[in-house]
Amino acid sequence: MGILFGCGIIAFLDEAVFHQLLHWHHFYDRSTQAAGLVSDGLFHAFSWFATVASLFLFADLRRRGALDARRWAGGILVGVGAFQLFDGLVQHKLLGLHEVRYGVDLLPYDLAWNGAALTFLVAGVLVLLAVGRAERRRG
Amino acid sequence: MLGDAVLGDAMQHPTGGGGMAAGDGDAVTFAVRTAVVLAWSGLAAGYLVADRAAVLRGRTSWPAARTASWLSGALLGLVVSVGPVASAAGNSFTAHMAVHLVLGMLAPLLLVLGAPMTLVLRAVPVHAGRRLAGLAGSPPIRILTHPVTALVLSITPMALLYRDGSALALLHDPVAGPALHVHFVASGALFAYAVVGVDPQPHRASVTLRAGAILVSIAAHGMIAKHLYSLSGTAGMPDGTAAAAQLMYYGGDAVHVLLLVVFCLQVYRRTGRAGRRRAGASSSGPASGRVV
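Quick look at the structure:
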């Protein structure tokens, strides 16, 4: 469930920071294939849904007294990493939706983008594994 | 209620009229404008009358939030349909897009959250109410209010309108333009009723299907907006297409998020009630309602 929220957070950050504040990404660079446009539309829809639904899921967990903050935090990290990695590899590269930045050598930007994504993902998985181990030890 | 100056303003259609003689066009426009004002005012007045009738039948305690939602929906609809906003929409494509967002998404959602059918059922005698409820459960209405039908009805005209510039001239037609607006309001209300309707709905679609319909609606809206953006600067597209497309994208998002919050809140509350019922039945352990 944290995974959903993580996806929502990073999609929102991507929109706010890279599209609106830095103007690195373009709203739409007009070179996109139909498949890219469809994928972008669905992921856009999914990220909004994930954000809103995950907050209600959070409220539901609290209501039932079943909330585990560490598991939630680990989930967020996994969500952030997985979504950004997907964005960087599939959306930017495979479908050619848009690039991280225009008019510069892309390699360091792509490495930083996907490297950061991988770091989030690995950190999230480690947190979730640690939580799982601690629970098993408690029985 | 509206000054002559305002109505006169609204009738100045710079590119409208088509091949029609100016005098005829003005008369038709005036008739349509009057009908639009009467329709929106009628929606607001009818709701208040039904509310009063329900109170006279002893059915009080109608939530004020529903009345507020319905009235603000009708007011928004009125404000963007006639007067300065409507005449601005005739001149600017961005203003036109703002009007469409209100008419196709925001106003219908507010109207649907006003639960008009429930109010009418409280206001009319029981036998009339039974007939109405039976009508709501009839096969044609069932098909019409299915999320997929409502989705197709609301997305298709929008996709055709913004496919290329050729259909945009329709908006300036004194009859087809308002007719298209009526369709936007009706299909928007149908969709809102199908996915988050608070009115009684026999054979309501599953939570998963309704969630899927909302997802597809957001995705389609975003795709059409980006397609429109890609058309900016090409022949036949009005000035400001890029700005209008971005308004469609982000404005559409804003209303869709509102829709998502309402949808999730409804599911959250329902699972909460179901969880409490289960907890009460077994009287042990915490309620285990699941969301989605």
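Sequence lines, in order, name chains A and B.
For the first sequence, the working numbering gives the first residue as 625, with consecutive numbering after it.
For the second sequence, the working numbering gives the first residue as 4, with consecutive numbering after it.
Backbone N, C-alpha and C fix where the C-beta goes; we use that ideal spot for every residue, glycine too.
These numbers were taken from a predicted model, which means no experiment stands behind them.
> For B:S209, does the count of other Cβ atoms within 10 angstroms reach 16, so buried, or fall short, so exposed?
Replying inline: Answer is exposed; the Cβ neighbour count stays below 16.
>> Distance check for B:L164 and B:G303, CA to CA, integer angstroms please.
In response: The structure shown does not extend to residue 303 of chain B, since chain B is modelled only from 4 to 295, so the question has no answer here.
> Who are the neighbours of A:G703 on chain B, taking C-beta pairs under 9 Å?
Replying inline: Going along chain B, no residue has its Cβ under 9 Å from A:G703, so there is no contact; the nearest lies around 16 Å.
>> Can you tell me whether A:T743 is helix, strand or coil according to DSSP?
In response: Annotated three-state conformation of A:T743 is helix, per DSSP.
>> Residues in the same chain with beta-carbon distance under 8 Å from B:P160, minus the five sequence neighbours each way, listed in chain order, please.
In response: Cβ neighbours of B:P160 beyond the five flanking positions: L183, H186, F187, S190.
> In terms of residues, what are the limits of the alpha helix (DSSP H) holding B:M226?
Replying inline: Residues 210 to 234.
> Which residue from A:T743, A:L713, A:G689 puts its Cα closest to that of A:G705?
Replying inline: Of A:T743, A:L713, A:G689, the residue nearest in Cα terms is A:T743.
>> What would DSSP say about B:H206, mapped onto helix, strand or coil?
In response: Coil.
>> Between the alpha carbons of A:W737 and A:D692, how many angstroms are there, rounded?
In response: When rounded, the distance between both Cα atoms is 30 Å.
>> Tell me which residue opens and which closes the alpha helix (DSSP H) that A:W696 is part of.
In response: Where A:W696 is concerned, the enclosing alpha helix (DSSP H) stretches over 693 to 710.
>> Within 10 Å of its beta-carbon, does A:P732 have 16 or more other beta-carbons around it, so buried, or fewer, so exposed?
In response: The residue is exposed, with fewer than 16 neighbouring Cβ atoms inside 10 Å.
> In angstroms, rounded to a whole number, what distance separates the CA positions of B:M240 and B:P111?
Replying inline: So the alpha carbons of these two residues sit roughly 28 Å apart.
> Do the stretch 210 to 223 of chain B and the stretch 62 to 72 of chain B touch if we need at least three Cβ pairs shorter than 8 Å?
Replying inline: Result no; under three Cβ-Cβ pairs closer than 8 Å.
> Out of curiosity, what's the CA-to-CA distance linking B:A81 and A:A677?
Replying inline: Note that residue 81 of chain B is Leu in the sequence shown, not Ala. Spanning the two alpha carbons is a distance of roughly 33 Å.
>> Check whether chain B comes within 8 Å of A:R687, counting only Cβ atoms and requiring the distance to be less than that.
In response: A:R687 counts as touching chain B.
> Residues of chain D with a CB under 8 Å from the CB of A:L661: which are they?
Replying inline: Among the chains of the structure shown, chain D does not appear; the protein chains present are A and B.
>> So the candidates are B:Y271, B:A118, B:P150, B:G61; which of them puts its Cα closest to the Cα of A:R687?
In response: It is B:Y271 whose Cα lies nearest to the Cα of A:R687.
> Is DSSP giving B:A238 helix, strand or coil here?
Replying inline: DSSP, read as helix, strand or coil, puts B:A238 in coil.
>> Output needed in chain order: residues of the stretch 663 to 679 of chain A with a Cβ under 9 Å from some Cβ in chain B.
In response: So the close ones are D664, G665, L666, F667, H668, A669, F670, W672, F673, T675, V676, A677, L679.
> Assuming B:V83 contacts B:P181 under a Cβ cut-off of 8 Å, what Cβ separation, rounded to an integer in Å, is found between them?
Replying inline: B:V83 to B:P181, Cβ: 12 Å. No contact.
> What did DSSP end up calling B:V39 once you bin it into helix, strand or coil?
Replying inline: Secondary structure of B:V39 (DSSP, three-state): helix.
>> Counting C-beta neighbours from all protein chains within 10 Å, is the total for B:H206 16 or more, i.e. buried, or is it exposed?
In response: Exposed, by the Cβ-count rule.
> Which residues mark the beginning and the end of the alpha helix (DSSP H) in which B:G76 is found?
Replying inline: Element bounds for B:G76: 67 to 84.
> Does the separation of the CB atoms of B:L109 and B:V258 fall below 8 Å?
Replying inline: Closer than 8 Å, so yes.
> Name the chain B residues whose beta carbon is nearer than 7 Å to that of A:Q683?
Replying inline: Residue identity check: residue 683 of chain A is Ala in the sequence provided, not Gln. Chain B residues near A:A683: Y271.
>> Taking CB distances under 8 Å as the criterion, tell me whether B:A162 reaches chain A.
In response: It does not: the Cβ of B:A162 has no partner Cβ on chain A nearer than 8 Å.
> Would B:T37 be called buried (16 or more neighbouring beta carbons within 10 Å of its own) or exposed?
Replying inline: Around the CB of B:T37, fewer than 16 other CB atoms lie within 10 Å, so the residue is classed as exposed.
>> Give me, in chain order, the residues of the same chain whose beta-carbon lies closer than 6 Å to that of B:G2; leave out the 5 immediate sequence neighbours on both sides.
In response: Residue 2 of chain B lies beyond the range of chain B shown here (4 to 295); nothing can be said about it.
> So, is the C-beta of B:A153 closer than 8 Å to a C-beta in chain A?
Replying inline: Not one chain A Cβ lies under 8 Å of B:A153.
> Does the beta-carbon of A:F667 have 16 or more other beta-carbons within 10 angstroms, so that it is buried, or is it exposed?
Replying inline: By the beta-carbon neighbour count (other beta carbons within 10 angstroms, threshold 16), A:F667 is buried.
> At least one CB of chain A closer than 8 Å to the CB of B:I221: is that the case?
Replying inline: Yes, B:I221 counts as interfacial toward chain A.
>> Using 8 Å as the threshold, is the C-beta distance between B:F194 and B:A153 below it?
In response: Taking 8 Å as the cut-off, the beta carbon of B:F194 is found closer than this to the beta carbon of B:A153.
> So what's A:A690 in DSSP terms, helix, strand or just coil?
Replying inline: Coil at A:A690, not helix or strand.
>> Classify B:H130: buried if its beta carbon has 16 or more other beta carbons within 10 angstroms, exposed otherwise.
In response: With fewer than 16 other Cβ atoms within 10 Å, it is exposed.
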